[in-house]
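Quick notes on the structure that follows.
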Amino acid sequence: MPPEQDIFSDGDALVQVKLLHEANMQWIIALEADNNPIVLGRLLNALRRKGVGINTLTLGTRTTELSLMALVESPEEIVEHVFNFLRRMEGIRDVTYYRRESSGMACFIFIETDDNSAVVKILGNFPLSKLVFASQGKYLVEIGEKRGAASHKALTAEPGFLSFARVRTSSLTAGMPDLTEA
Amino acid sequence: MNLPNGSEILIESLERQNAKVIFGVPGGVLLPLYDALYKGDLRHVLVRHEQAAAFAADGYARVTGQPGVCVGTSGPGATNLITGLASAFMDSIPVVALTGQVTTDMIGKDAFQEGDTIGISMPVTKHSFAVRTAGEIPDVIRQAFQVAVSGRPGPVLVDLPKTALVERADPDFASEPLVSQPERLKEWRDTDIERAATMILESRRAVLYVGGGVISSGATDELRVLAELTGIPVTTTLMGLGAFPSRHPLSLGMLGMHGSYATNLSICHSDLLVAVGARFDDRATGRVKDFASQAKKIHIDVDPSEINKNVRVDLPLVGDAREILRALIGEVGGQIRRGRRVAHDERRKWLEQIESWRTEHPLNYDREASCVKPQYLIEVLSEQAEPDAIVSVDVGQHQMWAAQFYRFSQPRSWLSSSGLGSMGYGFPAAMGAQVAFPDRQVIAIVGDGGFQMTLSDLATVSEYGIPVKIVVVNNRSLGMVRQWQHMFFDKHYCDVSLGRVPDFVKLAEAYGISGARVERRVDLKDAVADFLSGHEPRLLDVRVDPEENVFPIVPPGASLAEMLVEPPVLVDKK
């Protein structure tokens, strides 16, 4: 992120906003939480205080638990801290974060669509793939294998497809993260 | 069978958690609870403002290590608790706050004394529980105590609608443990400990940087063993005072904005910083990018979210400080036995260097002045107080002088609203500590500004005979703000003079408390001796030099190395 004084000493407001925007990193938070509005309220308040911008957020609810997945933006240097902050919060479990990754290391595809046929197609084309999250037109699909550059390019060329790599998880049941050890 | 109502279930639930006392103020929706208190044995201390209830519960928790309990009614009672909860949250103090709420059918209808207590409290508590029925109460209270003491401790709020306090239920206590036990994360491996021990033994100019986490985990003995085993000097944060004896040869005292010259320079020149239960807050670090910039850093903390929050570290060890320090002691000792070379000569030179800095600029003040210098007052109190005395301070200049000049000998005997810095804390927190330990000496050192924020609880200590000793460090101003206006705003003193400060002696007497005043240095020792004797609440109004400022000071935005050790020569712009 550019130093604070560089951002704010520039007279052009549009340039300032662009600088801030470019300094941010897009990432996904996925977690399980008590199905309790107090927990959800605390979570959203924490994201606000930490300066995490929410691009899309979707919830899947069950009787006692809810699953949340959010595509967010924040300065890269606070991502680890926010991950750690969330995983220690009361009522929240299994926090995972995924980083935008354009290389062949990306094993997860985030799809936002009203038509789930694209998701069905991926699941059919990649035998090891599985649906990690699906709710309200937002999908996170694990491809289940390291893909070559060609298949990666083909997948991410699809409109509305964003590729990610899992970086850290507090879930004991999740597989090993792609980039670093949890 | 006559089933108990929610209020009776609540009292039994609290007793099962070993709660001994509640600090609070009753109100409309809490009438059923106070009816149950009337019939039961749980002690309730009626304070004069709910903020004092929260501060008293905080003081109780700091000295006992057990959660303090406070209660306020719906609406204003609950909002008055919030400052105290915010302070406990910042300082990681386990407090359980009980708040009344309007009946469940009235929630959301803007009923009389309705407030969104859950919404208001969420950012300043570890968790807030919204009770709906009496049957939930045993489990919610057990969870509340568990959350308050687990991991990084902190405050928890339980919001109780009147309906839940009134309705009858068959409580299920059977499956509960009697008292909640803290659960702590453990995210370190033996290889991490080996690496940390190697870093420690290979260092030449190491410093142990210790915060309140060492006290809350009960790791003060382990800290001392590690420091003595390795010969590494120890500096503490404001929250860490008492974790390491002030008179120990390896003690550096407090670091940071008002840390001593030697302490701050030792941080700047260190090659290894071992942070234990400390959070690298801005008052400790100064300009953060220059904090211990030559040092490798090990960070021991129970809270993973503290790792790399303010300062990037080389080796994080997430877990209980006591467990980790024990493992480190074992590993360091093992490596020494296995023949690892320790740089004794370099370490001796490091301690000599620190000592020379200490000699160059010791903590000092004008010792010949005829007026009472506040630092001298603290020294006299430190000399004359009992060895296990508990000291509670407010916020401002007197707090910093106490941190600099009081000699601490044991943990859980220093109470300070350190993170939030809430004026008005010192006196009610002392009251809570005194309720926990009726036979120990408890001294509230307060400023004339902060004391006026919560002094209505003079009525409480008088009523209950709580023998708190209150020292008013009276400089007739909001001294710390005045100091900043003096140093950084060209002496533009704006609304910092408290002008017509009340006669605190007469005020104390109006509440039935004996008071005395000191204005001359020569009278101080005898006055303090008289003041500290006896087992009843007393007040000592000490008129100190109003011009005195706290030094050293790290100016805002500066690094620790840029501290001012004495008043700068100000150039008159006119």
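In order, the protein sequences belong to chains A and B.
So the first sequence is numbered by my numbering: it starts at 1 and just counts up by one.
So the second sequence is numbered by my numbering: it starts at 1 and just counts up by one.
Glycine included, every Cβ here is placed at the ideal spot set by N, Cα and C.
Point to revise | CA nearest to the CA of alanine 53(B), picked from Tyr34(B), Ile200(B), Val21(B) and Asp35(B) | key: Val21(B)
Review point. Which first and last residues belong to the beta strand (DSSP E) in which tryptophan 27(A) is found?
Key: It spans 24 to 34 - the beta strand (DSSP E) in which tryptophan 27(A) sits, taken as one unbroken run.
Practice item. Name, please, each residue of chain A whose Cβ falls closer than 7 Å to the Cβ of isoleucine 118(B). Key: Ile38
Review point. In the structure shown, what three-state DSSP assignment does lysine 297(B) receive?
Key: strand
**Study point:** Extent of the continuous beta strand (DSSP E) run through glutamate 352(B)
**Key:** Where glutamate 352(B) is concerned, there is no enclosing beta strand (DSSP E), although the alpha helix (DSSP H) it sits in stretches over 344 to 360.
Review point. Exposed or buried, what is glutamine 136(A) when buried is set at 16 or more other beta-carbons lying within 10 Å of its beta-carbon?
Key: exposed
Review point. Expressed to the nearest angstrom, what Euclidean distance is found between the alpha-carbon atoms of leucine 548(B) and glutamate 509(B)?
Key: The sequence as given places glutamate at residue 548(B); leucine does not occur at that position. Approximately 29 Å, taken between the alpha carbons.
Practice item. Note down the Cα distance separating leucine 255(B) from arginine 204(B), rounded to an integer number of angstroms. Key: 20 Å
Check your understanding: Does any residue of chain C bring its CB to less than 8 Å from the CB of serine 217(B)?
Key -> Any reference to chain C falls outside this structure, whose protein chains are A and B.
Review point. So who's on the other strand from methionine 254(B), going by DSSP bridges?
Key: Answer by DSSP bridge pairing, in chain order: Thr236(B).
Review point. What whole-angstrom Cβ distance do alanine 130(B) and glycine 6(B) have, given they're in contact under 8 Å?
Key: The Cβ separation is near 14 Å, so there is no contact.
Point to revise | N-terminal and C-terminal residue of the alpha helix (DSSP H) that cysteine 70(B) is part of | key: Taken as a continuous stretch (DSSP letters only), cysteine 70(B) belongs to no alpha helix (DSSP H), being part of the beta strand (DSSP E) at 68 to 72.
Check your understanding: In chain B, what lies closer than 7 Å to phenylalanine 85(A) by C-beta?
Key -> Ser305
**Study point:** histidine 81(A) - containing alpha helix (DSSP H), residue span
**Key:** Its alpha helix (DSSP H) spans residues 79 to 87.
Review point. Helix, strand or coil: which one does DSSP assign to serine 87(B)?
Key: helix
Practice item. Quick one: using the 10 Å Cβ neighbour count with 16 as the cut-off for buried, is serine 87(B) buried or exposed? Key: buried
Exercise for review: For the region 71 to 101 of chain A, enumerate the residues whose C-beta is nearer than 9 Å to any C-beta of chain B, in chain order.
Suggested key: Glu77, Ile78, Glu80, His81, Val82, Phe83, Asn84, Phe85, Leu86, Arg87, Arg88, Met89, Glu90 and Gly91
Check your understanding: Below 8 Å, can you find three or more Cβ-Cβ pairs linking the region 457 to 471 of chain B to the region 484 to 501 of chain B?
Key -> no
Check your understanding: So is alanine 292(B) buried or exposed if we call it buried at 16+ other beta carbons inside 10 Å?
Key -> buried
**Study point:** CA-to-CA distance, serine 559(B) to valine 311(B), given in whole angstroms
**Key:** 14 Å
Practice item. Determine contact between the region 418 to 438 of chain B and the region 266 to 275 of chain B, defined as no fewer than three beta-carbon pairs at a distance below 8 Å. Key: no
Review point. Quick one: does asparagine 116(A) have its CB under 8 Å from some CB of chain B?
Key: The C-beta of asparagine 116(A) comes no closer than 8 Å to any C-beta of chain B.
Review point. With a cut-off of 8 Å, does the C-beta of lysine 126(B) fall near any C-beta of chain A?
Key: Yes, because at least one Cβ of chain A sits closer than 8 Å to the Cβ of lysine 126(B).
Practice item. Take arginine 287(B) and list the residues in its own chain whose beta-carbon comes closer than 7 Å to its own, dropping the five residues that flank it on each side. Key: Once the five neighbours on either side are set aside, the close Cβ partners of arginine 287(B) are Gly557, Ala558 and Ser559.
Review point. For chain A, is any of its Cβ atoms less than 8 Å away from the one on valine 147(B)?
Key: Chain A, which has a Cβ nearer than 8 Å to the Cβ of valine 147(B), makes this yes.
Check your understanding: If we call anything under 8 Å between Cβ atoms a contact, is glycine 59(B) one with alanine 385(B)?
Key -> no
**Study point:** Where the region 42 to 66 of chain A meets chain B: residues whose CB sits under 7 Å from a CB there
**Key:** Arg42 and Asn45
Exercise for review: Quick one: list the residues of chain A neighbouring methionine 453(B), beta-carbon separation under 7 Å, in chain order.
Suggested key: Neighbours of methionine 453(B) on chain A: none; closest Cβ ~27 Å, over 7 Å.
Review point. Who are threonine 99(B)'s beta bridge partners in DSSP?
Key: Gly72(B) and Asp159(B)
Practice item. Determine whether the Cβ of methionine 122(B) lies closer than 8 Å to any Cβ atom of chain A. Key: yes
Review point. Which one or two residues does DSSP pair with phenylalanine 110(A) in a beta bridge?
Key: According to DSSP, residue pairing for phenylalanine 110(A) in a beta bridge involves Leu140(A) and Leu162(A).
Exercise for review: Report the three-state DSSP secondary structure of histidine 398(B) (helix, strand or coil).
Suggested key: helix
Exercise for review: Could you check what DSSP says for aspartate 190(B) in three-state terms: helix, strand or coil?
Suggested key: helix
Review point. Count the other CB atoms within 10 Å of the CB of proline 387(B); is the residue buried (16 or more) or exposed (fewer)?
Key: exposed
Point to revise | Listed by chain order, chain A residues near lysine 309(B) by CB distance under 7 Å | key: His81
Point to revise | Where the alpha helix (DSSP H) containing glutamate 34(B) begins and where it ends | key: One detail in the question is off: residue 34(B) reads as tyrosine in this sequence, not glutamate. From DSSP, the alpha helix (DSSP H) with tyrosine 34(B) extends over 31 to 39.
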